[in-house]
Structure formats: structure tokens, C-alpha cells
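Scroll down for the structure; my scribbles are underneath it.
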Ligand code: PMP
């Protein structure tokens, strides 16, 4: 991804894509002092762009990274990148991190807080699985408790176990890994939230130990608007066998049906998953 034409916004100005670099003694690279956003622009409009900018600022606050830019300035930076690259359908990555400079220890309050925005064309996170149904491995790692790490932040450090779990899943031919949380409840996938359907009603894990996705919140609203009951609650893995449909939600994943979890649990790509995928597609393009 580093050898491309195009512009990236860095610390207030557009720079050449290939020149958007950081020093190896960057605090974030050494100590994971970094938060980010993944957003999508559909037909020239960023879906929930302001909510993503606000979440970035809040994620930063949780990591003691005070954003040097307010939500208006971050929105303007995203618009500038899309315009400079002539993009109307794109994935947008906004990243804020503690840079290099004065200090090299864990404590580095004097180092600058930096912010960058890049955008590129990115298909569905699950590729063909979006249509055929994803197969999920059960992750060996657990989502940690909110008093162990700030689980509400979209922070790079929380993705360490996502990468190793997704690598392990892919090595088994799966599309992704499904995490349980520290208590043993069903939590989320590596970059998407999970929903289940039974008897026409929807069940989704309570977002008390993982990212309450903007897509998740959107989908809950769409379901309730359609009169579908949505139960946000603690779900035990033993209940998975009883669900009829399963789907994942996320900015990159959009709505992706799940065909199988682990070795034993299979799901049909049924009417609720299809209806909500179509409704989401209409909404993001409206
Ligand atoms: N959980 C994790 C760990 C994620 O990375 C994402 C993607 N940001 C989600 C859930 C879904 O969040 P959103 O719908 O806001 O993209």
C-alpha cells in the first residue's frame, strides 16, 4: 500500500502518498498509542462521517491522546483527501497517534499528537464470502474486560489479538474469527459485530466489552423500524446451535451473512439477513 500515486492528508496538509512516512521511534509504533477510524464514502457521501470523526476524538481521549483537530476539521480533511484523489466510492482510514520527538519512554506527553487521512478503493472485507456466507473460526483469544483496557476505543492495541486470530482462521480456510469475551459470552469478529436470528427475532451481544459499531447501531435501528424485535443481551456459545441465521456488520464488512461457525454450527442465508443487507445498501446510497 505504500507505493501508490495519490495524496494523503497529514498534520494539516496534503502530501504525496509515497511521502506519508513516520520515524521508527514513533511512540505509537513502540507502545500502540494510536486510534483510528474506518469509513466508507458511497457516491460522494461519507456514511455517518461525523459520527466517525466524533468516535475518533473519543477513542483518543480514552488513550490520553487529545486530538489537535475538532470534528469539523477532521471532516474537512476527509473531504480534502477525497477531492484531491477524485474519489467518490472509497474506504477512508483516519489515524491519530503519538509521534516521535522529545521522549522515548512510555511517558511521552511532550511528543506531538499527529493525524492522517488516507482513502482508497476497498471491496468488501470478506470478498466473495459476502455473497456465499462467511465461515468463522472460534478465536483462541478472548476480548478483554473494560477494566483491563479501554474496550470502547477503536485503538490499534486492541487489534493485536485480531490479527493473530484472523491469521489462524485463514490458515484453516475460514474468513474470520469469532471472539468470546473474558466472561465467555459471544462478543464480535475481528472487525465486525455479530447478529443472530431465531423465530423472526434478532439477538446480538450487548456491547459492554467491545466496540459498539456504528453499523451495528444503524442495523438495530433499521430492524426496529421494520418492527423486528432486537434483543441486545449476553449470549452464551451454547445458544449458537439454536439460531437460524447469523450475519456480521461493520463499515468494511457491511452486512455479511455467516454460513458456518466452528465445525458444528451452520446457518442459512435467510430472509432477515437478506432484507437487512438490502436495506443497508439502500440507506448508505440514499
Ligand atoms: N468491532 C471491531 C473490532 C471493528 O474493528 C469494527 C470495525 N470498525 C467493528 C466492530 C464495527 O464497527 P463499525 O460498524 O463502526 O465499522
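Numbering (the UniProt record's numbering), first residue to last: 5 to 290.
Positions of the beta carbon are idealized from the N, C-alpha and C atoms, including for glycine.
Computed from a prediction, not measured in an experiment: that's the story for all the values here.
May I ask you to list the residues that DSSP assigns as paired with residue i?
i: residue 208; result: 236
i: residue 182; result: 142, 193
i: residue 147; result: 185
i: residue 72; result: According to DSSP, residue 72 bridges with nothing at all.
i: residue 3; result: This structure gives no information on residue 3, because the portion of the chain shown stretches from 5 to 290.
i: residue 202; result: 205
i: residue 294; result: Lying before the first or after the last residue shown, residue 294 is absent from the chain, which here runs from 5 to 290.
i: residue 46; result: 49
i: residue 253; result: 197, 259
Given a cut-off of 8 Å on the beta-carbon distance, is the pair residue i and residue j in contact?
i: residue 243; j: residue 276; result: no
i: residue 159; j: residue 38; result: yes
i: residue 189; j: residue 235; result: no
i: residue 232; j: residue 258; result: no
i: residue 94; j: residue 45; result: yes
i: residue 155; j: residue 213; result: yes
i: residue 84; j: residue 57; result: no
i: residue 252; j: residue 198; result: yes
i: residue 81; j: residue 124; result: no
i: residue 60; j: residue 100; result: yes
i: residue 334; j: residue 103; result: A question about residue 334 goes unanswered here, because the residues of the chain that appear run from 5 up to 290.
i: residue 219; j: residue 254; result: yes
i: residue 139; j: residue 179; result: yes
i: residue 112; j: residue 31; result: yes
i: residue 183; j: residue 98; result: no
i: residue 105; j: residue 115; result: yes
i: residue 262; j: residue 137; result: yes
i: residue 96; j: residue 43; result: yes
Specify the secondary structure class of residue i as computed by DSSP and reduced to three states.
i: residue 284; result: helix
i: residue 136; result: helix
i: residue 53; result: helix
i: residue 126; result: coil
i: residue 114; result: coil
i: residue 156; result: coil
i: residue 94; result: strand
i: residue 273; result: coil
i: residue 164; result: helix
i: residue 262; result: strand
i: residue 67; result: coil
i: residue 11; result: strand
i: residue 267; result: coil
i: residue 290; result: coil
i: residue 105; result: coil
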